[in-house]
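In my numbering, the protein residues as written are 4 to 336. I have placed the structure first, in the form of structure tokens, so that the comments after it can refer back to it.
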């Protein structure tokens, strides 16, 4: 099997590509390298360019007519940045994605895995959600994901296209073989900020402590990025079982998470246990775009993909810390 991974030089896309290679699936990577890293694709089939470049997409399919599916992992993902630059996010995450879908369908590829986000959900009373839960995206980033899901569902009704939207919860960790990990030196998400605070002996701030959770901090579902990548492999392998060709259903959604809710305070405590080094912690108000969070019920993905998580939150923290010591050598920085 050969698959096109748009955004395959980024954190998620490169890890999915590694999992594909380990499973005997050949990834063909397309990435503009705006946020992705060339180091992650140096031993892979790689095309540098934009997902909106129709001539390039045509050339990729001409070079690789045996591509049987597309994994769409190309997107900007920083919530506070999306609040300050919403038009950029709609341009990159929506407008260019419309072009990619058109180019893919024109080239006759009808299996499409879309990287969506759990940030589109409205939390339930107990903060759990499943695929049928109400949606309430509360940041421009989240809205771009919700818009793209609507676009893709509509497209499946009009074109030869079948789509599985994979709603990611909070990826942590790195490729356990340390081939790839977070490419940014100072990532802005929770674990990245913890590692930066630890390495630079800075005070870590828990942003938001008055949410209606068991300890006042936000609640998240943390999933190891390798478990996330394995789920992509299973979705590719079982695509025609989930959405049979010629069937009535041409669009489906699967939540990819651990199924366990962890508050920010609990995550900080886990980080302290794994790091085994002093960490100064303070409290601060919520940032623009922050939400209380949620965690998923995992029954649907488990049944559809025969998949569950192998790694714990502590494993994800440990692998992230290990990657932080490898990052400079891998990226030559």
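Ideal Cβ positions, reconstructed from N, Cα and C, are used throughout, including at glycine.
Based on DSSP bridge pairs, tell me the residues matched to residue 51. Taking the chain shown and counting its residues from 1, one reaches residue 51 at position 48. Paired residues: 34.
Buried or exposed for residue 178, please, with buried defined as at least 16 other CB atoms from any protein chain shown within 10 angstroms of its CB. Position 175 of the chain shown, counted from the first residue, corresponds to residue 178. Counting the other Cβ atoms within 10 Å of the Cβ of residue 178 gives 16 or more, which makes it buried.
Report the start-end ranges of each beta strand (DSSP E) in the stretch 90-120 that is 3 residues or longer and not cut off at the edges. 114-120
Which same chain residues, not among the five before or five after residue 22, have their C-beta less than 8 Å away from its C-beta? For this step, residue 22 is matched to residue 19 along the chain shown. Result list for residue 22: 229, 232, 233, 235, 236, in chain order.
Which class does residue 287 belong to by DSSP, given the choice of helix, strand or coil? Taking the first residue of the chain shown as position 1, residue 287 is located at position 284. Reduced to three states, the DSSP call for residue 287 is strand.
Could you check what DSSP says for residue 257 in three-state terms: helix, strand or coil? Locating residue 257 in the chain shown gives position 254, where the first residue counts as 1. Strand, per DSSP.
Work out the CA separation of residue 191 and residue 81 for me, nearest whole Å. Here the question's residue 81 lines up with position 78 in the chain shown. Here the question's residue 191 lines up with position 188 in the chain shown. Distance between the alpha carbons of residue 81 and residue 191: 7 Å.
If we count the other Cβ atoms within 10 Å of its Cβ and call it buried at 16 or more, is residue 326 buried or exposed? As a first step, residue 326 must be located in the chain shown, where it is residue number 323. Classification for residue 326: buried.
Where does the unbroken alpha helix (DSSP H) through residue 276 begin, and where does it stop? Your numbering for residue 276 matches position 273 in the chain shown. Unbroken alpha helix (DSSP H) run through residue 276: 267-278.
What would DSSP say about residue 18, mapped onto helix, strand or coil? Counted from its first residue, the chain shown places residue 18 at position 15. It is helical.
Contact set for residue 149: own chain, Cβ-Cβ below 7 Å, skip 5 residues either direction: Reading the chain shown from its first residue, position 146 is the one you call residue 149. Excluding residues within five positions, the ones whose Cβ falls inside 7 Å are 123, 138, 140.
Exposed unless 16 or more other CB atoms sit within 10 angstroms - verdict on residue 194: For this step, residue 194 is matched to residue 191 along the chain shown. Buried, by the Cβ-count rule.
Just how far apart, CA to CA, sit residue 165 and residue 4? Your numbering for residue 165 matches position 162 in the chain shown. Your numbering for residue 4 matches position 1 in the chain shown. Their Cα atoms are separated by approximately 17 Å.
Look at residue 13 and residue 38 and say whether their C-beta atoms are less than 7 Å apart. For the purposes of this step, residue 13 is identified with residue 10 of the chain shown, where counting begins at 1. For the purposes of this step, residue 38 is identified with residue 35 of the chain shown, where counting begins at 1. The answer is yes: Cβ separation under 7 Å.
What distance in whole Å lies between the Cβ atoms of residue 219 and residue 323, which are believed to be in contact at a cut-off of 8 Å? In the chain shown, the residue the question calls residue 323 occupies position 320. In the chain shown, the residue the question calls residue 219 occupies position 216. Between residue 323 and residue 219, the beta carbon gap of about 25 Å keeps them out of contact (Cβ cut-off 8 Å).
In angstroms, rounded to a whole number, what distance separates the CA positions of residue 328 and residue 186? Counted from its first residue, the chain shown places residue 328 at position 325. Counted from its first residue, the chain shown places residue 186 at position 183. Pairing residue 328 with residue 186, the inter-Cα distance amounts to about 12 Å.
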